[in-house]
Amino acid sequence: MKISVYDTKEQIGAEVAKIIADLIKRKPDCVLGLATGASPIPAYKALIEMYKKGEISFKDVTTFNLDEYCQIPRSDKNSYFTFMHEELFDHIDIKEENVNFLDGTAQDAAQECKRYDALIDKKGGIDLQVLGIGNNAHIGFNEPTERFSSGSYKTKLSNSTIEANKMYFQNGEMPHYALTMGVSGICKSKAIVLIATGEKKAQAVYNMIKKDITPHVPASILQRHDKTAVFLDKAAASLL
Ligand code: GLP
């Protein structure tokens, strides 16, 4: 893992956006794995600026998002589909047919997960996966557990994750289930960029980098992925 520490979220956003923009310039039809949450927003903002200046185009880019809630439709204001459109897709020239999400409302979740993984393979795999990290070191919605997951699957959210995310669900009950790419699926990405900011992430970051690899710390698997770059602010890096 390559670890870099910055002063501000905006600096991290600019660096990560540059990595993504360089990839798009090198490979205009690249496949991006994208994450929701507050952590990648500065990078998405910087990418929108680059697009507006005419420095990059997303017209041949394909994206796969990491995860999606069950029990709420895509049109819900709290869906990750809505989040990604508001924070990135509505502001760039990506083609809607190249934007991919797991369908959290699918009747047959296992079948939906198979479809998603097969589509990622068909597109040649993910060139660059953007990740955040949960307070409990989850990646995507891969919660601490006894065994690392492989392909995409339906998962029950932990109390810690529900606590951290329920503030977004003012009008309704927060879903307790989600579909997520699995840990092995994430690790198949050719390169990974993980962003963590704020002191609430310090313990998870420490466990990810310094502790043994264990499914109780899902992000620790990234120690085995030799093209993983971790971007931290000083607060998130404070226990290292
Ligand atoms: C959610 C998402 C993760 C994200 C995490 C951290 O649980 N499923 O993909 O990394 O939140 O979010 P934030 O960046 O807001 O701290």
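Per the working numbering, the very first residue in the sequence shown carries number 1; after that it's consecutive. Cβ coordinates follow ideal geometry from the N, Cα and C atoms, glycine included. Computed from a prediction, not measured in an experiment: that's the story for all the values here.
Whole-angstrom distance between residue j and residue i, CA atom to CA atom
{"i": "Ser149", "j": "Gly132", "result": "18 Å"}
{"i": "Ile72", "j": "Asp108", "result": "15 Å"}
{"i": "Tyr177", "j": "Pro215", "result": "19 Å"}
{"i": "His225", "j": "Leu194", "result": "12 Å"}
{"i": "Glu55", "j": "Asn159", "result": "42 Å"}
{"i": "Ile190", "j": "Asp127", "result": "The sequence given here places Lys at residue 190; Ile does not occur at that position. Each residue's alpha carbon lies about 5 Å from the other."}
{"i": "Ile186", "j": "Leu66", "result": "8 Å"}
{"i": "Leu239", "j": "Glu97", "result": "43 Å"}
{"i": "Thr62", "j": "Asp212", "result": "34 Å"}
{"i": "Val16", "j": "Ala118", "result": "27 Å"}
{"i": "Ala21", "j": "Tyr51", "result": "9 Å"}
{"i": "Val31", "j": "Tyr206", "result": "30 Å"}
{"i": "Phe208", "j": "Lys27", "result": "The sequence as given places Met at residue 208; Phe does not occur at that position. Whole-angstrom Cα-Cα distance: 30 Å."}
Element boundaries [beta strand (DSSP E), containing residue i]
{"i": "Gly54", "result": "Premise fails: Gly54 is in no beta strand (DSSP E) and is neither H nor E."}
{"i": "Asp22", "result": "Where Asp22 is concerned, there is no enclosing beta strand (DSSP E), although the alpha helix (DSSP H) it sits in stretches over 9 to 26."}
{"i": "Val243", "result": "Residue 243 lies beyond the residue range present for the chain, which begins at 1 and ends at 240; the question has no answer from this structure."}
{"i": "Phe231", "result": "228 to 233"}
{"i": "Ile126", "result": "Segment: none, Ile126 is in no beta strand (DSSP E) and carries neither H nor E."}
{"i": "Ile186", "result": "Where Ile186 is concerned, there is no enclosing beta strand (DSSP E), although the alpha helix (DSSP H) it sits in stretches over 183 to 187."}
Residue range of the alpha helix (DSSP H) that includes residue i
{"i": "Ser4", "result": "It is not in any alpha helix (DSSP H) - Ser4 instead sits in the beta strand (DSSP E) that spans 2 to 6."}
{"i": "Leu157", "result": "From DSSP, Leu157 is part of no alpha helix (DSSP H); its letter is neither H nor E."}
{"i": "Ile192", "result": "Not the alpha helix (DSSP H): Ile192 falls in the beta strand (DSSP E), residues 191 to 196."}
Per-residue burial, residue i [other beta carbons within 10 Å of its own, 16 or more giving buried]
{"i": "Thr249", "result": "It is not possible to answer for residue 249, since the shown part of the chain is limited to 1 through 240."}
{"i": "Ser184", "result": "exposed"}
{"i": "Asn171", "result": "exposed"}
{"i": "Ala196", "result": "buried"}
{"i": "Asp93", "result": "exposed"}
{"i": "Asp121", "result": "exposed"}
{"i": "Lys201", "result": "buried"}
Chain D contact for residue i (CB, 8 Å cutoff)
{"i": "Thr62", "result": "Here chain D cannot be found, since the structure has a single protein chain."}
Count the CB pairs spanning the region 40 to 52 and the region 3 to 16 that are closer than 8 Å, and state whether there are at least three.
-> yes
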